[in-house]
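Note that the sequence shown covers residues 181 to 355 in the numbering used here. Quick reminder that beta carbons are idealized off the backbone N, C-alpha and C, glycines included. Have a look at the structure below, then the notes.
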Amino acid sequence: MSLVAQRIRLFEQARAVPYGTDGAHRGSELLTARCGDCLAKSDYLRTEFAALGLAVRRVRWLYHLPDSPAEVMLLPSREDVHSAVEVNIDGTWVLVDATHDPALARAGFIVADWDGVTSTVPAYHCAGAIWREGDSDSEPVPNAHHDEPYNPAVGKRYRDAFNQWLREVRAISEP
Numbered sequence: 181m182s183l184v185a186q187r188i189r190l191f192e193q194a195r196a197v198p199y200g201t202d203g204a205h206r207g208s209e210l211l212t213a214r215c216g217d218c219l220a221k222s223d224y225l226r227t228e229f230a231a232l233g234l235a236v237r238r239v240r241w242l243y244h245l246p247d248s249p250a251e252v253m254l255l256p257s258r259e260d261v262h263s264a265v266e267v268n269i270d271g272t273w274v275l276v277d278a279t280h281d282p283a284l285a286r287a288g289f290i291v292a293d294w295d296g297v298t299s300t301v302p303a304y305h306c307a308g309a310i311w312r313e314g315d316s317d318s319e320p321v322p323n324a325h326h327d328e329p330y331n332p333a334v335g336k337r338y339r340d341a342f343n344q345w346l347r348e349v350r351a352i353s354e355p
């Protein structure tokens, strides 16, 4: 198998795992948990691409949570942080973002394809500067400028509703 084909296979393997915030948060748990967030998917790709001998770095940026489910409106802010990776291919850093599984396209999520050479489309639109591993600046922090304190009960209610909504979207798209 060519190196390009190996890169694509790893990307597709990570992308195929259902996206959710109630699954794995680390790459080492992604395939066994059968569900994972952007942290787990980017960590998995970072580890696997490095094992292929590629230079890889984590990238993060602020984005805004989607409009659904309705519980998002209970949050003091829709700001969150997204994680993906950049891989150095032939001297060029390219974005590789396998966050959303294909079934989520039905709900309007960005589901990337990858040719193994050029950048993918990011899963979430950037709402601030992109932080790259090795930058001297600190990583982005959601709601850093927001005065209202974080309420764990409201956050949990949103996360539970969000993950249930993702399962419902997948159920609609399954034959």
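Tell whether a beta-carbon distance below 8 Å holds between residue 277 and residue 235.
As a working note, residue 277 is residue 97 in the sequence shown. As a working note, residue 235 is residue 55 in the sequence shown. Cβ distance not < 8 Å, so residue 277 and residue 235 don't count as in contact.
From what residue to what residue does the alpha helix (DSSP H) around residue 199 run?
As a position in the sequence shown, residue 199 is number 19, starting the count at 1. Per DSSP, residue 199 belongs to no alpha helix (DSSP H); it is in the beta strand (DSSP E), 199-204.
Please state the DSSP three-state secondary structure of residue 252.
Numbered from 1 along the sequence shown, position 72 holds the residue referred to as residue 252. DSSP places residue 252 in helix when its eight states are reduced to three.
In angstroms with no decimal places, state the Cα-to-Cα distance between residue 256 and residue 250.
By one-based count along the sequence shown, residue 256 stands at place 76. By one-based count along the sequence shown, residue 250 stands at place 70. Cα to Cα, the separation comes out at about 13 Å.
If we call anything under 8 Å between Cβ atoms a contact, is residue 191 one with residue 294?
In the sequence shown, residue 191 corresponds to position 11, counting from 1. In the sequence shown, residue 294 corresponds to position 114, counting from 1. Closer than 8 Å, so yes.
Going by DSSP, which residues form a beta bridge with residue 272?
Indexing the sequence shown from 1 puts residue 272 at position 92. DSSP, once it has assigned bridges, lists 269 as partnering residue 272.
Mark residue 332 as exposed unless 16 or more other C-beta atoms lie within 10 angstroms of its C-beta, in which case mark it buried.
The count along the sequence shown starts at 1 and reaches residue 332 at position 152. It is exposed - the Cβ of residue 332 has fewer than 16 other Cβ atoms within 10 Å.
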